[in-house]
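Structure first, commentary second.
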DNA sequence: GTAAGCTTTTACCAACCGGTCAAATTATCT
DNA sequence: AGATAATTTGACCGGTTGGTAAAAGCTTAC
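Residue numbers (our numbering), protein chains in the order written: chain Y, 1 to 212; chain C, 213 to 424.
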């Protein structure tokens, strides 16, 4: 009798870890491509190579899978911002923040789309995370940036909108990938577009568009 | 016998125009908030204040509603880019393009989210529009921008990524509205954030972040 | 007014979806 | 090897979903 669900047992077996990993991997695929409501348990089960009831043995509900996925991904997702160092050189810190965010869009597009889907549809499952941990982190780093503007190391500007603009420009290459590919056409189908984007964004944020 | 569906008749009656308008308005509400798969015909019918079969009398399928909505919205959505004038002053043209895109994010957030939902999930319904009309328009305007960089009116930069960055930064305020609100908190709950954003984006695109 | 066509509603269906259950199978421990 | 616990499966269920059929109600042109 399998009273103890995987998630409840104290000691997780090797099988449990493996299967949960496979499920979350498949769930990331499906949720990021179709959104929460647009995804079905059957799709995830098939992507994970197991039957639906078997999947539901490890995660009791679709919600539970989604929640765990969000929790796991959120902390790594905010890592680049967390790494913004108040003691570092302002220009280099921002430059490297942009670079790291763009690398994440390139290397973890599914994670980006998972959040984008969620936020776009009103963030029904992660409202608390947005208003809590996310806001606190952004508030803290905004204060760091503001102190840099005060010492004249970077131009006076609204730190919140600066952060928004870095998020949006970099994540655009993950979230709107099909559009970017469609517009750039076959010529830029490779990963070269990320290098071009890196060059452009560095120029934009560092120097603006006007000739100096 | 109602053989001729509304959409097929040559001459559309007043009732048809009114009802189709109400339906598309409701569909925009629902599709933009929930995505295509996440929306149900019942939701749209309720939002439009009519019964589901009645709605299906005007649009035979969910797909048909969505397609017509996309078609209708796409052309107005691209209007600001179309207005980019090769003969105008480069700096002023780009400045005004950014301003108009930001105004659209403020005044037509549902339209923005409709596209965002669609593109985010792989653009299954609008692939042709992206690779056709959209690409052609962007190609044309990218050439205009490139000519401006050649005459030194604006700094040398990749025109495609410039356009992407304008799209992403402005649409961010529509597509990720809940996140923006959550991070800014109650203080900026009003529309003041759009003015702040306008100021910031003008500064970013015109002057960059480095002190001049 | 009345006939013809247009619009709306009621009842309905088959497929899908999230989730359950009990039995069968497999892994683990002694 | 055998007992015990963990895992997997097939059959199933109630609710939802996209869509249909047919008849009732309403407009409009003559």
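Each residue gets a CB set at the ideal place from its N, CA and C atoms; glycine is no exception.
When DSSP states are grouped into helix, strand and coil, residue 412 of chain C belongs to the helix group. Taken in chain order, the whole beta strand (DSSP E) runs of length 3 or more contained in the region 375-404 of chain C number zero.
Ranked by Cα distance from residue 358 of chain C, the options C/265, C/269, C/296 are led by C/296. The region 295-325 of chain C contains no complete beta strand (DSSP E) run of 3 or more residues.
Neighbourhood of residue 404 of chain C in chain Y, by CB distance below 9 Å: empty, with the nearest CB roughly 11 Å away. Per DSSP, residue 123 of chain Y is not a residue of any alpha helix (DSSP H), being assigned neither H nor E. Under the DSSP assignment, residue 75 of chain Y falls in the alpha helix (DSSP H) whose first and last residues are 62-77. Shown in chain order are the members of the region 175-191 of chain Y whose Cβ falls below 7 Å from a Cβ of chain C: 175, 176, 178, 179, 180, 182, 183, 184, 185. Counting other Cβ atoms within 10 Å of its Cβ, residue 246 of chain C reaches 16 or more and is therefore classed as buried. Within its own chain, the residues whose Cβ lies closer than 8 Å to the Cβ of residue 22 of chain Y, once the five positions on either side in sequence are excluded, are 48, 49, 50, listed in chain order. Within the region 295-314 of chain C, the residues whose Cβ lies closer than 8 Å to any Cβ of chain Y are, in chain order, 303, 306. In its chain, beyond the 5 residues on either side, no residue has a beta carbon closer than 7 Å to the beta carbon of residue 415 of chain C.
Rounded to the nearest whole angstrom, the CA to CA distance from residue 199 of chain Y to residue 206 of chain Y is 11 Å. Per DSSP, residue 354 of chain C is one residue of the alpha helix (DSSP H) stretching across 347-362. With 16 or more other Cβ atoms from the protein chains shown falling within 10 Å of its own Cβ, residue 377 of chain C counts as buried. Looking at the backbone, the Cα of residue 172 of chain Y and that of residue 62 of chain Y are separated by about 28 Å. When 7 Å is used as the limit between beta carbons, residue 196 of chain Y is near these residues of chain C: 370, 373, in chain order.
Contact annotation: residue 115 of chain Y and residue 77 of chain Y have beta-carbon atoms nearer than 8 Å. About 16 Å separates the beta carbons of residue 374 of chain C and residue 294 of chain C, which is beyond the 8 Å limit, so they are not a contact pair. The CB of residue 333 of chain C comes closer than 8 Å to the CB of 33, 34, 35, 38, 117 in chain Y, given here in chain order. Cβ-Cβ distances below 7 Å link residue 180 of chain Y to 173, 193 in the same chain, with the five nearest sequence neighbours on each side left out; the list follows chain order.
In terms of Cα proximity to residue 148 of chain Y, the closest of Y/29, Y/93, Y/119, Y/129 is Y/93. Listed in chain order, the non-local C-beta contacts of residue 389 of chain C below 7 Å within the same chain comprise 321, local neighbours out to five positions each way being set aside. One thing to note: residue 120 of chain Y has its Cβ within 8 Å of the Cβ of residue 332 of chain C. Note on geometry: alpha-carbon atoms of residue 157 of chain Y and residue 196 of chain Y lie some 26 Å from one another. When secondary structure is reduced to three states using DSSP, residue 156 of chain Y falls in the coil class, being assigned neither helix nor strand. Excluding five sequence positions before and after residue 307 of chain C, the CB atoms of its chain that fall closer than 8 Å to its own CB belong to 414, 417, 418, given in chain order.
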